[in-house]
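The sequence shown begins at 5 in this note's numbering and counts up by one.
Quick reminder that beta carbons are idealized off the backbone N, C-alpha and C, glycines included.
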Amino acid sequence: MDAARAGRLQGRSALVTGAGSGIGRATAARLAAEGARVYTVDLQGPVDRQADVTAPGINAALVSEVVARHGGLDILVPCAGISAFHPLEDHDDGYFEQVMAVNVTAVFRLIRDAVPALRQSAHGRIVTIGSTMARFGDAGLVAYAASKHAVLGLTRAAACELGPHGITVNCLQPGAIETPMTAPAFTAMPEFKAYFERKAALGRLGQPEDVADVIAFLCSDDARFMTGQGFFVDGGAMTRQ
Ligand code: NAP
């Protein structure tokens, strides 16, 4: 990494959930490499704080902890998420509600609870994690697609509300990325993996770092006039019909 980017987030305080795995882990590493002090949260694994983001009151507690540890909060990346393939008729209420609880409600709560701290920052940044599934749907992904459409709407409305406070809110929408979330499906169905490789104009699946690098850009001053947007990081998959 060049020297300019290595210091791009120097002195910033960041909170990343889902940071024990996949995209969240790569994002935490990338923000730290650019100089940020990163507070990492996940259900398990080598993170600063093991927590379930759906637990009552947890998001306010996480914000308090990062502010106490780092003296403030500049960057919020709620990356924790869940997904699984289930035919619509197998979507029982509990499964649908759990997907919405992790992918939407916890994101809403964390943003809401972080606003007072982010308003104190001169560089407030929120990057939510959507999906190409917020543009199209797919069989077996009713709950997941609904949750990612909701995240995009949440992002746009929050950007309107928080813009006057100098806080940008953007939604990073990955395509098919090789992470522990997608590994079971790609292993069980090689044809599914090949389909996504063919669909991407760049002819490959994404790696977590492909996404993390763009998140770091959105968290930087370079992206200071961008807000309320969804950005596909999908190797050009959305360019094909
Ligand atoms: P991942 O490797 O499974 O990482 C997600 C992390 O979130 C896991 O460590 C998971 O813990 C954690 N998590 C799940 N529920 C949680 C909870 N209630 N509280 C705290 N942490 C929780 O998946 P990923 O692919 O990096 O996904 C990261 C984000 O990108 C998700 O929002 C996902 O929807 C989105 N995304 C991924 C892709 C893709 O192709 N990979 C595409 C579009 C969007 P456990 O592993 O212990 O459950």
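Measuring CB to CB, does residue i end up less than 8 Å from residue j?
| i | j | result |
| --- | --- | --- |
| V103 | S25 | no |
| A18 | D78 | yes |
| V106 | T132 | no |
| V70 | Y43 | yes |
| A118 | V67 | yes |
| G179 | A241 | yes |
| A192 | R244 | no |
| L176 | V237 | yes |
| A216 | R16 | no |
| R123 | H169 | yes |
| G134 | G234 | yes |
| V81 | I219 | yes |
| G157 | A121 | no |
| R29 | H74 | no |
| G22 | C83 | yes |
| G141 | A154 | no |
| M185 | S87 | yes |
Under the three-state reduction of DSSP, which class applies to residue i: helix, strand or coil?
| i | result |
| --- | --- |
| V20 | strand |
| I171 | coil |
| G232 | coil |
| G210 | strand |
| Q48 | coil |
| T58 | coil |
| L13 | coil |
| R139 | coil |
| Q102 | helix |
| I86 | coil |
| L77 | coil |
| P319 | There is no way to answer for residue 319, as the model of the chain reaches only from 5 to 245. |
Could you check how far apart the C-beta atoms of residue i and residue j are, in whole angstroms? I think they sit under 8 Å.
| i | j | result |
| --- | --- | --- |
| I27 | T183 | 6 Å |
| H95 | V146 | 6 Å |
| T231 | G167 | 6 Å |
| R208 | G239 | 6 Å |
Handout entry: Validate contact between the region 7-14 and the region 49-62 using beta carbons, cut 8 Å, 3 pairs
Key = They do not touch, by the three-pair rule.
Practice task
Decide if the region 222-229 is in contact with the region 187-201; the criterion is three or more beta carbon pairs, one per stretch, under 8 Å apart.
Solution key: No: fewer than three Cβ pairs fall under 8 Å.
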